[in-house]
Amino acid sequence: MKPRIVLLSAFITPLRSGAEACAEEVAHRLWQEFDITIVTARFARKLPEDDPFRGQARVVRVGVGHSIDKWLFPFLAPFAVRRARPQVIHGVLESFAGLAMVFSKMLYPRAKAILTCQSTNTSFLVGFMHRRADRVTVISRSLLARAQAFGRTDVILIPNGIDVPAIDHACGEMKKIPGRILFVGRLEPMKGVDVLLRALARLLEMRKDTNGGPDIHLRIVGRGSEEKVLKKLAFDLKLSEHVTFAGFVPLPRVFDEFAQAQIFCGLSRSEALGNVFLEAQAAGCAVVATRTGGIPDIVEDGKTGILVTPDDAEAAAQAMQKLLADPRQWQELAQAGMLNARTYDWQGIIERYAEVYRSFL
């Protein structure tokens with residue numbers, strides 16, 4: 161009989177970001193060795209309470225089928241965990257899932273508990289979660305330092321990964337569009353999309369006197385609470401002809417977006433790591449990002465991308481102008497980024513989680 165693992169993730173596809181990708185990839189790639197169940201919030205009544213995940217693992221949804229389910233998740237998930245009787249409980253993200261891990265450990269103390277930290281959450285509960293876990297893993301050096309500040313001396317650094325073969329396939333089918341700038345992510349204040357729009361407006365001003373050169377167009381992929389505000393800002397900045405709000409684009413089609421973009425620009429105010437920067441590098445985009453959180457772990461300024469200070473639209477505009485005006489620098493950064501991203505393929509990353517599981521069995 162295979163060892164039983166329960167992954168706690170309040171969200172999964174289509175509400176997928178870095179933490180959700182981690183949970184889903186563990187289930188997808190380790191099912192042959194482990195009996196894996198993902199416990200998640202239900203959110204919609206049309207979704208079944210129990211169904212297969214990609215035909216390999218199992219998904220159990222808890223809640224009433226409403227947006228309130230994320231708040232109910234920490235209290236309902238432990239009962240699903242106890243029914244599964246796992247050897248290991250793995251909470252992915254020190255938020256709803258982390259709290260669910262704590263309560264699950266209280267309800268079913270026989271299991272070992274792992275907390276994977278994936279955010280810059282500053283809630284007072286984060287320290288509590290760190291102390292209640294049997295093992296803590298983190299995705300970046302900044303989160304490693306935070307865990308150590310909470311008194312953990314056994315922290316394991318395991319970054320998030322990317323699907324390199326899927327991105328390679330998209331790049332084989334698509335060609336770069338000169339002047340195409342891309343953002344992929346949630347439209348929330350922490351992502352700095354408002355700064356990106358102001359940077360685009362400034363970039364267009366800089367290029368007024370440029371003779372020739374490609375047309376500049378920004379594609380914004382994703383949804384979020386700031387969508388209406390950002391669309392109004394784009395209108396106010398007279399960017400309507402230069403910006404497309406593409407909404408949610410599912411995998412693997414989103415890799416086509418990366419494959420066609422010349423520059424990926426993400427101006428986050430806070431970021432634990434940033435999978436999208438790795439995906440952009442793997443697709444041959446030159447990356448412009450901010451010097452915050454875990455981003456410097458994967459984007460080395462001047463070598464695998466350009467880093468600017470958060471909220472500095474002028475610096476971001478200058479960085480993009482530099483790349484558009486100097487094809488050689490664009491190519492050097494893009495090629496170096498591709499080599500860097502290849503070291504983050506999910507298959508190698510996931511094996512490190514398997515090693516953590518085995519250490520408890």
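Just add 160 to wherever you are in the sequence shown, counting from 1, and you've got our numbering.
Here a beta-carbon is modelled for each residue, glycine too, at the ideal position from N, C-alpha and C.
In the structure shown, the three-state DSSP call for residue 201 is strand. Apart from sequence neighbours up to five positions away, the residues of its chain that approach residue 206 with a beta-carbon distance below 8 Å are 225, ordered along the chain. Relative to the Cα of residue 423, the nearest Cα in the group 405, 479, 469 and 475 belongs to 479.
Residue 272 carries a strand assignment under DSSP once its states are collapsed to helix, strand and coil.
Under the three-state reduction of DSSP output, residue 165 falls in the strand class.
Within its own chain, the residues whose Cβ lies closer than 6 Å to the Cβ of residue 179, once the five positions on either side in sequence are excluded, are 252, 253 and 278, listed in chain order. Residue range 377-381 is occupied by the beta strand (DSSP E) that includes residue 379.
Between the alpha carbons of residue 223 and residue 230 lies a distance of about 8 Å.
Residue 295 carries a strand assignment under DSSP once its states are collapsed to helix, strand and coil. Taking 8 Å as the upper bound for CB-CB distance, residue 386 and residue 348 are in contact here, some 6 Å apart.
Residue 171 carries a coil assignment under DSSP once its states are collapsed to helix, strand and coil.
Under the rule that a run must span 4 or more residues, the alpha helix (DSSP H) segments found entirely inside the segment 391-441 read 413-420.
Apart from the 5 residues on each side of it in sequence, residue 301 sits with its Cβ closer than 6 Å to the Cβ of 457 in its chain, given in chain order. Under the three-state reduction of DSSP output, residue 502 falls in the helix class. For the pair residue 249 and residue 166, the CB atoms are nearer than the 7 Å cut-off.
Counting only runs that start and end inside the segment 232-274, the beta strand (DSSP E) elements of at least 3 residues fall at 248-252.
A contact is defined here as three or more CB-CB pairs under 8 Å, and the segment 321-334 meets this definition with respect to the segment 437-451.
For the pair residue 502 and residue 444, the Cα-to-Cα distance works out to about 11 Å.
Of the candidates 185, 228, 476 and 448, 228 places its Cα closest to the Cα of residue 204. The residues 254, in chain order, have a CB closer than 7 Å to that of residue 286 in the same chain once the five nearest residues on each side in sequence are set aside. For residue 186, there is no enclosing beta strand (DSSP E); the enclosing alpha helix (DSSP H) covers residues 178-190.
The Cβ atoms of residue 274 and residue 295 sit closer than 7 Å to each other. Check the Cα spacing between residue 267 and each of 276, 236 and 232: the tightest is with 236. Cβ atoms of residue 451 and residue 427 stay farther apart than 8 Å, at about 11 Å.
Counting only the Cα atoms, residue 200 lies some 24 Å from residue 407. For residue 218, there is no enclosing alpha helix (DSSP H); the enclosing beta strand (DSSP E) covers residues 217-222. Checking the DSSP bridge columns, you'll see residue 212 partnered with 218. Taking each of 493, 397 and 336 in turn and checking the Cα distance to residue 374, the smallest one comes out for 336. The three-state secondary structure of residue 344, taken from DSSP, is strand. Note on residue 417: 16 or more other CB atoms within 10 angstroms of its CB, so buried under the neighbour-count rule. If you compare the alpha carbons of 162, 188 and 176 with that of residue 511, the shortest gap goes to 188.
Here residue 457 is not bridged, per DSSP, to any residue.
For residue 449, there is no enclosing alpha helix (DSSP H); the enclosing beta strand (DSSP E) has its first and last residue at 446-450. Residue 196 sits in a strand when the DSSP states are folded into three classes. In summary, residue 161 is exposed, with fewer than 16 beta-carbon neighbours lying within 10 Å of its beta-carbon over all protein chains present. Separation of residue 215 and residue 342 (C-alpha to C-alpha, rounded to the nearest whole angstrom) is 33 Å.
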